[in-house]
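**Student:** In order, the protein sequence lines correspond to chains B and W.
Residue 25 in full-length UniProt numbering is what sits at position 25 of the first sequence, and the numbering runs on without skipping anything.
Residue 310 in full-length UniProt numbering is what sits at position 310 of the second sequence, and the numbering runs on without skipping anything.
Number of protein chains: 2
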Amino acid sequence: MRHAVILLLLTLSPALWAEALLVEKQRFEMDNFQTFNGQQIRKIQVGWESYGKMNKDKSNVILITHYFSGNSHAAGRYHPDDAAPGYWDAIIGPGKAIDTNEYYVLSVDTLANLSAHDPKVITTGPASTNPDTGKPYGLDFPVVTIRDFVNVQKALLDSLGIDKLHAVIGPSMGSLQALEWASAYPERVERLVSVIGAGRMDAWTVAALEHWAAPIRLDPNWQQGRYYGGQLPLAGLTASLALITQDALHPDFVNGANPDHHPLEQAPLTDIRQSHQVVNWLWGLAASRARMVDANHLLYLVRASQLYLAGMDKTLEQGLRGVRARVLLLPAVEDQILMPYLTEELQQALLKQQKSVTHKNIPGPMGHLNGLRNIDQVGETIRTFLQQGNPL
Amino acid sequence: MRHAVILLLLTLSPALWAEALLVEKQRFEMDNFQTFNGQQIRKIQVGWESYGKMNKDKSNVILITHYFSGNSHAAGRYHPDDAAPGYWDAIIGPGKAIDTNEYYVLSVDTLANLSAHDPKVITTGPASTNPDTGKPYGLDFPVVTIRDFVNVQKALLDSLGIDKLHAVIGPSMGSLQALEWASAYPERVERLVSVIGAGRMDAWTVAALEHWAAPIRLDPNWQQGRYYGGQLPLAGLTASLALITQDALHPDFVNGANPDHHPLEQAPLTDIRQSHQVVNWLWGLAASRARMVDANHLLYLVRASQLYLAGMDKTLEQGLRGVRARVLLLPAVEDQILMPYLTEELQQALLKQQKSVTHKNIPGPMGHLNGLRNIDQVGETIRTFLQQGNPL
């Protein structure tokens with residue numbers, strides 16, 4: 001079936017082929033955004049993109065919420081010669097599981113987006129200019145939460161006249177936003193797909209996320225977040241991204257990617273300043289990503305994630321009370337970041353309140369990253385789920 | 001049965017009771033130690049202690065090899081009013097699984113022992129004075145390996161006239177030393193117990209261990225290891241110990257220890273510089289340990305662990321070829337550091353060469369730390385194993 005789609009695409013004229021897959025980043029701006037913790041941000045701008053076409057009654061809209069180190073580029077290419085398409089291109093597009101012939105799919109860059117220095121990302125965060133001072137906010141930027149990311153998305157949807165979502169779907173930190181949509185604005189969300197997700201951050205996961213922030217704060221160039229215009233805290237940022245990458249992976253994948261590994265390598269055996277090849281490989285991956293990333297944004301995304309509790313209420317049960325959406329949970333086997341027990345806890349909490357919820361495990365050797373790289377393994381499950389009747 | 005032992009102890013006279021449990025740190029010194037990588041250390045001293053009495057033909061000796069952040073204090077107390085006994089006191093002592101009425105049990109501080117500043121630890125490492133310069137070695141100390149730890153222990157045993165070990169038993173990094181004994185000096189080791197162990201460091205684990213070292217190198221006080229006499233790299237060291245502690249634990253334990261955790265705590269919600277209570281708890285645990293720890297020693301122990309391959313040969317199979325000991329493997333369920341697949345790999349490699357090997361899982365909610373805190377769960381397994389016939 002997938003082969004058939006590829007063949008079909010190959011036989012289309014180049015113009016049509018390009019039209020089907022090319023996407024464009026757009027900009028959404030707001031004045032005077034109030035954060036969940038009660039602070040004001042005078043000006044906000046975020047990037048967004050869309051795939052497919054909105055129907056007349058605006059009833060075919062699917063929102064994709066992105067993961068920690070992702071952005072709104074969920075599918076397609078900006079240019080025909082882009083090396084890679086958006087991260088979920090395997091399931092978003094014409095004829096794919098999230099079929100852009102049927103649905104109008106859109107996605108929005110979060111506040112404090114990790115890749116603040118990627119020219120294709122538009123975001124507002126500690127690296128942005130504070131209009132009150134003319135200088136970057138740094139740590140004066142308010143703490144923002146998953147609810148704030150949702151509220152920016154909601155403002156964009158309002159501006160487009162969209163008041164119902166056929167579905168909201170996201171992986172990892174995107175799953176938190178998706179669940180927050182269904183919890184905070186239940187009358188607007190018909191279906192929810194939480195991929196490699198959680199209902200709340202337990203003590204273990206809050207502590208685990210803190211290790212991602214620690215190396216940045218140790219870097220002498222970090223300077224309490226006031227490094228703009230000076231030396232960047234790249235060493236700390238790289239160590240942080242190396243840890244995030246490892247946490248997102250699994251032994252099978254790392255060992256497979258390093259088939260020549262030998263514990264007794266000569267360089268680390270003879271010199272404490274040198275490292276094993278697998279360390280150089282992992283740090284190299286991290287260093288190549290660090291140039292696009294803002295270190296303070298990483299701290300703010302860690303914090304937004306740590307503060308997550310569905311519905312932002314007193315308990316998980318209270319936060320989920322309003323949920324009306326059908327729910328599909330897609331945890332990944334051997335996920336080291338949002339361990340499958342977190343999805344299990346969410347499922348039990350939903351079942352206890354007689355919500356409509358099902359789940360399926362995403363298989364594969366990549367741990368947490370199965371939710372991105374192996375998403376095609378559950379494509380048909382998502383397709384079928386999206387065709388189920390509207391519960392609202 | 002354990003109650004019977006306790007009752008028995010309580011009925012002994014105070015003098016006997018003290019004699020049974022009090023231990024003393026001793027010192028062993030060597031000149032001109034040659035490391036595995038071919039370098040020389042002019043003077044070495046390490047601490048050691050023992051429990052029980054050696055028999056006449058010196059055939060009742062059991063060596064305990066310690067874990068990454070441990071030392072030779074495996075059992076007993078230095079003073080009757082010590083807050084806690086040695087780490088494996090639950091299984092080492094009169095009438096216990098490793099019965100000091102029957103065996104002479106000894107344990108030795110490793111080179112570059114983590115707790116270099118604990119007055120009860122005697123070790124030689126980067127914090128020691130280099131006799132050539134009169135100053136601490138820092139990074140001029142040679143890279144040392146698990147084989148070097150074993151060779152120091154072997155020199156001590158030689159000095160005591162001990163040429164056979166009834167058993168060598170160790171958890172975690174201690175399991176690597178125990179296996180190295182059986183691989184490098186097979187004619188000396190009758191039985192081997194590898195607790196929460198591994199046969200070699202795969203690429204995944206080498207990379208995972210590197211994250212323990214990274215925060216220290218980022219601390220501006222670290223100064224490429226030349227911090228002696230100046231500001232100590234305590235912030236980096238604390239972050240490192242916090243990560244090690246979390247890696248050694250499991251969600252069940254951390255969540256159980258933080259029953260009042262709530263993701264939406266006020267302090268981290270309103271101030272990016274503040275943290276969740278669970279983070280303060282974990283960092284507090286780490287900070288309280290940091291005062292005894294030397295940061296460079298931590299880097300050297302990470303490296304010694306990363307370089308591990310049983311027998312230090314070309315392959316695991318070649319390294320294990322000589323093993324004659326009976327082998328008992330005791331992995332912990334849900335161990336996040338030395339994941340159970342590493343024990344499985346070792347078991348398969350031993351079976352392939354028709355070695356005598358069995359295994360049993362240590363249950364409990366503490367992940368890797370089950371190998372320390374829940375060791376009594378496999379006490380009877382160890383006791384029975386030690387009674388099996390000598391295979392040499």
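Ideal placement from N, C-alpha and C gives every residue a C-beta, glycine not left out.
Which residues, in chain order, does the UniProt domain "AB hydrolase-1" (140-239) of chain B contribute to contact with chain W at a C-beta distance below 7 Å?
**Tutor:** V143, R200, M201, D202, A203, W204, V206, A207, A208, E210, H211, A214, P215, L218, D219, P220, A235, G236 and A239
**Student:** I'd like to know if R273 (chain W) contacts chain B, where contact means its C-beta is closer than 9 Å to some C-beta of that chain.
**Tutor:** Judged by the 9 Å Cβ criterion, R273 (chain W) is in contact with chain B.
**Student:** Beta strand (DSSP E) containing residue 404 (chain W): first to last residue?
**Tutor:** Nothing about residue 404 (chain W) can be read from this structure; chain W reaches only from 1 to 392.
**Student:** What residue range does the beta strand (DSSP E) around P171 (chain B) cover?
**Tutor:** A167 to P171
**Student:** Within the chosen definition, does the segment 251-259 of chain W reach the segment 80-89 of chain W through at least 3 CB pairs nearer than 8 Å?
**Tutor:** no
**Student:** Measure the CB-CB distance between D118 (chain W) and N71 (chain W) and report whether it falls below 9 Å.
**Tutor:** yes
**Student:** How about R324 (chain B) and G311 (chain B): are their beta carbons less than 9 Å apart?
**Tutor:** no
**Student:** Out of curiosity, what's the CA-to-CA distance linking L209 (chain B) and V302 (chain B)?
**Tutor:** 6 Å
**Student:** Is it buried or exposed, N32 (chain W), if we count other Cβ atoms within 10 angstroms and call 16 or more buried?
**Tutor:** It counts as exposed.
**Student:** Consider the Cβ of M30 (chain B): report whether some Cβ of chain W lies at a distance smaller than 9 Å.
**Tutor:** no
**Student:** Show which residues of chain B have a CB atom less than 8 Å away from the CB atom of L282 (chain W).
**Tutor:** Residues of chain B passing the Cβ test: A207 and E210.
**Student:** Closest to H297 (chain B) by C-alpha separation, out of B:V195, B:R42 and B:Y227, would be which residue?
**Tutor:** Looking only at B:V195, B:R42 and B:Y227, the smallest Cα-Cα distance to H297 (chain B) is reached by B:Y227.
**Student:** Just checking, does the segment 238-252 of chain W make contact with the segment 156-163 of chain W on the three C-beta pairs under 8 Å criterion?
**Tutor:** no
**Student:** How should A182 (chain W) be labelled, buried or exposed, when 16 other C-beta atoms within 10 angstroms of its C-beta is the threshold for buried?
**Tutor:** buried
**Student:** Strictly under 9 Å for the Cβ-Cβ distance: is residue 405 (chain W) near chain B by that measure?
**Tutor:** Outside the shown range of chain W (1 to 392) lies residue 405 (chain W), about which nothing can therefore be said.
**Student:** Spell out whether any CB of chain W is found under 9 Å from the CB atom of E344 (chain B).
**Tutor:** For E344 (chain B), the answer is no, since every Cβ of chain W falls outside 9 Å of its Cβ.
**Student:** Go ahead and pull the three-state DSSP assignment for T381 (chain B).
**Tutor:** helix
**Student:** Between G371 (chain W) and I196 (chain W), which are expected to be in contact by the criterion C-beta below 8 Å, what is the C-beta distance as a whole number of angstroms?
**Tutor:** 3 Å
**Student:** What's the call for G134 (chain W), buried or exposed, on a 16-neighbour Cβ count within 10 Å?
**Tutor:** exposed
**Student:** Run through the DSSP bridge pairs and tell me what A332 (chain W) is partnered with.
**Tutor:** W:I362
**Student:** Skipping 5 residues on each side, what residues in its chain have a beta carbon closer than 8 Å to that of L328 (chain B)?
**Tutor:** R191, L192, V193, S194, V357, T358, H359, K360, T381, I382 and F385
**Student:** Look up S194 (chain B) in the DSSP assignment and give the residues it is bridged to.
**Tutor:** B:G170 and B:L329
**Student:** Mind checking which residues open and close the alpha helix (DSSP H) that includes E345 (chain B)?
**Tutor:** P340 to K352
**Student:** Quick one: residues in its chain with C-beta nearer than 6 Å to the C-beta of residue 426 (chain B), no 5 flanking neighbours on either side, listed in chain order?
**Tutor:** Nothing can be reported for residue 426 (chain B): it is not among the residues displayed for chain B, which extend from 1 to 392.
**Student:** Hey, would you say L232 (chain B) sits closer than 9 Å to A295 (chain B), going by beta carbons?
**Tutor:** yes
**Student:** Please list the partners that N258 (chain W) has in chain B, where partner means a Cβ-to-Cβ separation under 7 Å.
**Tutor:** A203
**Student:** So, does the CB of E102 (chain B) fall closer than 9 Å to a CB anywhere in chain W?
**Tutor:** no
**Student:** Looking at the C-beta of V254 (chain B), does it have a partner C-beta in chain W at a distance below 9 Å?
**Tutor:** yes
**Student:** Could you give the residue range of the alpha helix (DSSP H) that holds R147 (chain W)?
**Tutor:** I146 to S159
**Student:** Measure the alpha-carbon distance for N374 (chain B) versus A116 (chain W) and round it to whole angstroms.
**Tutor:** 47 Å
**Student:** Use the C-beta contact count for V284 (chain W): other C-beta atoms within 10 angstroms, 16 or more gives buried, fewer gives exposed.
**Tutor:** Checking the displayed sequence, the identity of residue 284 (chain W) turns out to be Gly instead of Val. Counting Cβ neighbours within 10 Å, G284 (chain W) comes out exposed, since fewer than 16 surround it.
**Student:** I337 (chain B) and T205 (chain B) - do their beta-carbons sit closer together than 9 Å?
**Tutor:** yes
**Student:** Exposed or buried, H211 (chain B), counting other C-beta atoms within 10 Å across all chains shown (16 or more means buried)?
**Tutor:** buried
**Student:** Can you pull the chain B neighbours of R303 (chain W), defined as C-beta to C-beta under 7 Å?
**Tutor:** P268 and I272
**Student:** Do residue 408 (chain B) and L165 (chain B) have their C-beta atoms closer together than 9 Å?
**Tutor:** Chain B is shown from 1 up to 392; residue 408 (chain B) falls before or after that span and cannot be answered.
**Student:** Report the CB separation of D219 (chain B) from G236 (chain B) in whole angstroms; it is logged as a contact under 8 Å.
**Tutor:** 3 Å
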